[in-house]
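Working notes for the structure below.
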Amino acid sequence: MTQEQTADQGAEQTTYDVVALQEKWRPVWERLDPFRAGRREGAQGNPAPKRYALTMFPYPSGDLHMGHAEVTALHDVFARYWWQKGYDVLNPIGWDSFGLPAENAAIKRDENPAVWTYANIETQAESFKRYAISFDWSRRLHTSDPEYYRWTQWLFLKFRERGLAYRKNSPVNWCPNDQTVLANEQVVNGLCERCGAVVTKRELNQWYFKITDYAQRLLDDMAPLEDTWPSKVLAMQRNWIGRSEGAHVDFDIALADGSTTRVTVFTTRPDTLYGATFMVVAADAKLAAEIVAPEQRQELDDYLVGVRKESDIDRMATDRPKTGVDLGVTATNPVTGEQMPVWAADYVLADYGTGAIMAVPAHDQRDLDFAKAMGLPVRRVVDVPGAENPEETYVATVGDGTYVNSGSLDGLTDKAAGIRAIIEKLEADGRGSGTVNFRLRDWLLSRQRFWGAPIPVIHCPSCGEVPVPDDQLPVVLPDLKGADLKPKGVSPLAAAEEWVNVACPQCGGDAKRDTDTMDTFVDSSWYYFRYLDPHYEGGPFDPEKAREWMPVAQYVGGVEHAILHLLYSRFFTKVLHDMGMIDFVEPFTALMNQGEVINEGRGMSKSLGNGVDLGETIDEFGVDAVRLTMVFAGPPEADIDWADVSPAGSLKFLQRAWRLAGDVTSEPGVDVATGDVELRKVTHKVVADAEQLIESQRFNVMVARTMELVNATRKAIDSGCGPADPAVREAVEAMAVLLSLVAPYTAEEVWERLGHEPTVALAGWPTVDPALLVEDTVTAVVQIQGKVKARLDVAPSITDAELESLAMADAGVVRALDGRAVRKVIVRAPKLVNIVV
Numbered sequence: 001m002t003q004e005q006t007a008d009q010g011a012e013q014t015t016y017d018v019v020a021l022q023e024k025w026r027p028v029w030e031r032l033d034p035f036r037a038g039r040r041e042g043a044q045g046n047p048a049p050k051r052y053a054l055t056m057f058p059y060p061s062g063d064l065h066m067g068h069a070e071v072t073a074l075h076d077v078f079a080r081y082w083w084q085k086g087y088d089v090l091n092p093i094g095w096d097s098f099g100l101p102a103e104n105a106a107i108k109r110d111e112n113p114a115v116w117t118y119a120n121i122e123t124q125a126e127s128f129k130r131y132a133i134s135f136d137w138s139r140r141l142h143t144s145d146p147e148y149y150r151w152t153q154w155l156f157l158k159f160r161e162r163g164l165a166y167r168k169n170s171p172v173n174w175c176p177n178d179q180t181v182l183a184n185e186q187v188v189n190g191l192c193e194r195c196g197a198v199v200t201k202r203e204l205n206q207w208y209f210k211i212t213d214y215a216q217r218l219l220d221d222m223a224p225l226e227d228t229w230p231s232k233v234l235a236m237q238r239n240w241i242g243r244s245e246g247a248h249v250d251f252d253i254a255l256a257d258g259s260t261t262r263v264t265v266f267t268t269r270p271d272t273l274y275g276a277t278f279m280v281v282a283a284d285a286k287l288a289a290e291i292v293a294p295e296q297r298q299e300l301d302d303y304l305v306g307v308r309k310e311s312d313i314d315r316m317a318t319d320r321p322k323t324g325v326d327l328g329v330t331a332t333n334p335v336t337g338e339q340m341p342v343w344a345a346d347y348v349l350a351d352y353g354t355g356a357i358m359a360v361p362a363h364d365q366r367d368l369d370f371a372k373a374m375g376l377p378v379r380r381v382v383d384v385p386g387a388e389n390p391e392e393t394y395v396a397t398v399g400d401g402t403y404v405n406s407g408s409l410d411g412l413t414d415k416a417a418g419i420r421a422i423i424e425k426l427e428a429d430g431r432g433s434g435t436v437n438f439r440l441r442d443w444l445l446s447r448q449r450f451w452g453a454p455i456p457v458i459h460c461p462s463c464g465e466v467p468v469p470d471d472q473l474p475v476v477l478p479d480l481k482g483a484d485l486k487p488k489g490v491s492p493l494a495a496a497e498e499w500v501n502v503a504c505p506q507c508g509g510d511a512k513r514d515t516d517t518m519d520t521f522v523d524s525s526w527y528y529f530r531y532l533d534p535h536y537e538g539g540p541f542d543p544e545k546a547r548e549w550m551p552v553a554q555y556v557g558g559v560e561h562a563i564l565h566l567l568y569s570r571f572f573t574k575v576l577h578d579m580g581m582i583d584f585v586e587p588f589t590a591l592m593n594q595g596e597v598i599n600e601g602r603g604m605s606k607s608l609g610n611g612v613d614l615g616e617t618i619d620e621f622g623v624d625a626v627r628l629t630m631v632f633a634g635p636p637e638a639d640i641d642w643a644d645v646s647p648a649g650s651l652k653f654l655q656r657a658w659r660l661a662g663d664v665t666s667e668p669g670v671d672v673a674t675g676d677v678e679l680r681k682v683t684h685k686v687v688a689d690a691e692q693l694i695e696s697q698r699f700n701v702m703v704a705r706t707m708e709l710v711n712a713t714r715k716a717i718d719s720g721c722g723p724a725d726p727a728v729r730e731a732v733e734a735m736a737v738l739l740s741l742v743a744p745y746t747a748e749e750v751w752e753r754l755g756h757e758p759t760v761a762l763a764g765w766p767t768v769d770p771a772l773l774v775e776d777t778v779t780a781v782v783q784i785q786g787k788v789k790a791r792l793d794v795a796p797s798i799t800d801a802e803l804e805s806l807a808m809a810d811a812g813v814v815r816a817l818d819g820r821a822v823r824k825v826i827v828r829a830p831k832l833v834n835i836v837v
């Protein structure tokens with residue numbers, strides 16, 4: 001604490017000592033182990049009802065920071081509240097311990113990544129224990145333990161058996177700095193999500209999970225989550241999955257050698273086929289190389305050099321100049337019979353459908369810009385009311401209108417009918433069909449780095465891809481150090497010859513291990529299952545315990561994981577359901593996203609000079625003051641600006657709460673029914689409100705109501721109620737239970753000072769007497785033209801007519817009306833009368 005705080009507290013500083021409280025109670029809790037799941041009994045000796053509270057597990061990049069302090073403080077409100085409500089709560093902790101930061105740190109230090117990783121884990125574990133989060137430490141796991149990734153590998157092989165894990169050659173996102181591939185989701189604005197390098201494209205053979213097989217289910221199963229997940233997250237997932245209805249349309253391309261090949265494209269507007277005047281193929285798609293005329297091949301190859309340096313974000317930008325190469329071949333429009341030129345360009349992506357589109361320039365601005373740049377024809381087929389002709393303005397028109405230049409559709413104004421008519425024609429002619437397409441692409445999971453779970457496949461010249469037998473799992477990483485881990489464009493494992501060279505499990509011949517490792521998002525897609533029993537040997541998790549505890553009742557974590565982690569976890573859960581291992585399809589019943597902790601309006605950064613060190617802040621104010629500040633700062637989803645909050649103010653409040661316990665002179669078990677009625681009403685109303693506020697995730701208001709209880713209790717003592725009054729004890733005991741959700745050290749000390757054995761965390765939620773919640777009177781506000789003119793104390797049961805009569809007879813209201821005619825009276829008994837004159 002600072003000297004200023006010490007002077008302000010005077011003698012209290014020697015009695016309410018946050019450091020002493022932390023040193024006193026932590027060993028007690030470690031001895032009692034109150035938060036170990038699976039031991040609590042309910043009524044009649046039956047197991048207590050179960051709740052699974054989960055926070056997104058941390059990456060061990062260093063000690064805990066202010067973001068960890070916020071998310072775990074908020075998360076702990078749920079867990080501790082459920083313990084108080086009588087639930088058996090599973091609240092585990094572990095570490096997402098594979099990944100590039102550990103590998104890069106190992107390269108810098110010339111050591112094995114495990115050294116850096118596990119040292120950081122121990123540092124964070126110590127800080128979590130100091131921070132007094134109600135974790136069940138018996139469930140601790142690390143995804144980089146062979147005991148864990150054995151089952152990551154096992155799951156990979158089971159997915160492969162089901163056709164959900166496969167290898168293919170394709171253009172992939174390549175980070176030139178980290179020397180590894182990236183999933184589409186890991187490229188943000190054309191940059192590597194991890195290091196910020198500009199992402200390029202490479203053609204590589206990679207492993208994928210076939211998440212697209214579950215695209216529709218991932219959409220459909222969001223319906224039950226509408227009321228319990230943030231709408232923003234659901235919208236982000238729907239957008240990423242990107243369902244669109246349309247048609248597959250077949251185009252015959254006449255090749256230079258006189259043969260033809262059929263190419264299928266997807267379009268959401270098959271009704272505009274009459275306006276398709278050319279076709280565009282992604283320059284880096286295999287199709288472009290397959291159909292290009294010989295005389296155009298060199299030009300395409302030269303063009304590809306530049307295309308491969310561009311990110312997908314850059315290529316999709318609408319404001320960049322359009323470039324391309326005429327492939328020297330034509331395609332037949334299936335409804336007009338016209339021959340359309342086929343071009344290669346960078347504004348079409350190779351992994352979208354077949355990598356080819358039909359271009360309708362009059363009604364798509366990118367197509368129109370390309371047509372203008374290349375001198376290609378433009379044909380309007382929808383006359384949009386009020387819009388000028390795009391053939392003349394080179395401004396594409398979108399929206400509904402009347403079909404023109406569209407054969408049998410001419411004069412029709414119903415877009416849905418036009419789409420149906422064209423699809424029927426395509427299907428009748430055998431040139432296409434109605435279909436659904438998704439923006440979602442299969443999950444690229446292999447990485448060319450060392451510190452990850454090895455892919456459990458052996459490549460044999462005779463047998464091909466051979467899965468590692470179950471009894472040979474896990475495939476354990478070799479002991480490599482930093483000098484061996486430097487990025488080379490291929491996995492460092494490729495150079496570990498003793499590890500790579502193995503006998504084929506099928507034929508016994510010479511073979512090689514797969515040298516790629518799995519994306520760390522694979523590890524985090526199922527970790528919450530392993531928490532059920534981290535040492536279970538019969539599979540990745542115990543199915544019986546999954547039936548007892550899952551799905552997760554409440555998940556807490558940052559919105560930055562809205563697409564990657566949450567989408568992958570939902571996919572994994574559905575596959576496990578289809579494998580018959582679980583009986584539910586969504587892993588997380590409810591989700592809460594916390595805001596960001598910022599300082600002076602900006603994200604904390606050493607370079608900005610506005611960083612706040614969590615450890616130093618705890619040293620200065622104590623754990624409870626920091627936790628209380630985090631919860632009280634605002635709604636959980638709102639950002640916390642550290643410049644606007646006051647841990648010093650939180651500390652002073654905790655001192656006041658602590659002093660109340662010392663004032664109580666009645667004995668435990670006293671008959672509280674004989675206590676001061678007015679104080680008892682306040683206590684019961686605060687407890688009832690707190691329950692509703694926690695259930696609705698308004699934790700900050702719950703803290704405010706607790707502060708009101710402290711103030712009301714102090715006022716009652718000072719105004720003559722007396723410290724011996726049973727109502728004072730009841731109020732302070734309720735305060736201790738409420739404080740235990742956010743300030744556990746102080747709450748435990750208060751509980752002891754009240755004469756109770758530890759731990760207050762399991763004391764039980766205070767019982768509310770409904771009779772004490774009944775208000776004798778309520779204050780009704782009377783407004784004239786929206787301005788308050790009177791306040792009336794009325795019975796809660798007053799009717800609208802009775803309240804209106806009282807309001808109109810009030811002397812102050814009569815003076816305010818001053819004879820003016822009343823046009824309307826709006827009554828909301830028992831609290832509001834609004835008079836309109």
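Under full-length UniProt numbering, the first residue of the sequence shown is numbered 1, with each subsequent residue one higher. Beta carbons: idealized from backbone N, C-alpha and C, even for Gly.
Exposure of residue i, with buried meaning 16 or more beta-carbon neighbours within 10 Å
i: THR573; result: buried
i: GLU103; result: buried
i: CYS460; result: buried
i: VAL19; result: exposed
i: ALA11; result: Bear in mind that the predicted position of ALA11 carries a pLDDT of just 36, short of 50, making it unreliable; the figure below should be weighed with that in mind. Looking at its Cβ environment, which holds fewer than 16 other Cβ atoms inside 10 Å, ALA11 is exposed.
i: GLU388; result: exposed
i: CYS175; result: buried
i: GLN84; result: buried
i: ILE826; result: exposed
Expected contact under 8 angstroms - CB spacing of residue i and residue j to nearest Å
i: ASN593; j: VAL559; result: 4 angstroms
i: LEU773; j: ALA688; result: 6 angstroms
i: GLU245; j: THR268; result: 7 angstroms
9 angstroms Cβ cutoff met for residue i and residue j
i: ALA633; j: ALA590; result: no
i: residue 848; j: GLN448; result: There is simply no residue 848 to check, as the chain begins at 1 and stops at 837 in what is shown.
i: VAL265; j: PHE278; result: no
i: ASP800; j: THR779; result: no
i: LEU218; j: GLN206; result: no
i: ALA165; j: LEU440; result: no
i: PRO171; j: ASP302; result: no
i: MET66; j: LEU608; result: no
i: ILE422; j: PRO636; result: no
i: HIS363; j: ALA317; result: no
i: GLN785; j: LEU832; result: no
i: ARG308; j: PRO744; result: no
i: GLY452; j: GLY94; result: no
For residue i: DSSP bridge partner residues
i: PHE588; result: VAL552
i: ASN593; result: GLY557
i: LYS50; result: ASP88
i: SER433; result: HIS248
i: ILE784; result: LYS787 and ILE835
i: MET358; result: MET279
Closest by C-alpha distance to residue i, when choosing among the options
i: ALA276; options: THR330, PRO34 and ASP257; result: THR330
i: HIS178; options: CYS195, ASN205 and VAL172; result: Inspection of the sequence shows that residue 178 is occupied by Asp rather than by His. Answer by Cα proximity: CYS195.
i: ALA132; options: GLU678, GLU23, ALA283 and THR180; result: GLU23
i: ASP818; options: LYS789, CYS463 and VAL827; result: LYS789
i: VAL631; options: GLN124, GLY595 and SER607; result: GLY595
i: PRO230; options: GLY722, ALA562, LYS685 and TYR536; result: ALA562
i: LEU54; options: ARG139, ARG130, GLY45 and PRO27; result: ARG139
i: TYR87; options: ASN112, ILE93, LEU741 and GLY42; result: GLY42
i: ILE241; options: LEU255, ASN120, ASP523 and THR212; result: THR212
i: ALA625; options: ASP641, VAL742 and ALA690; result: VAL742
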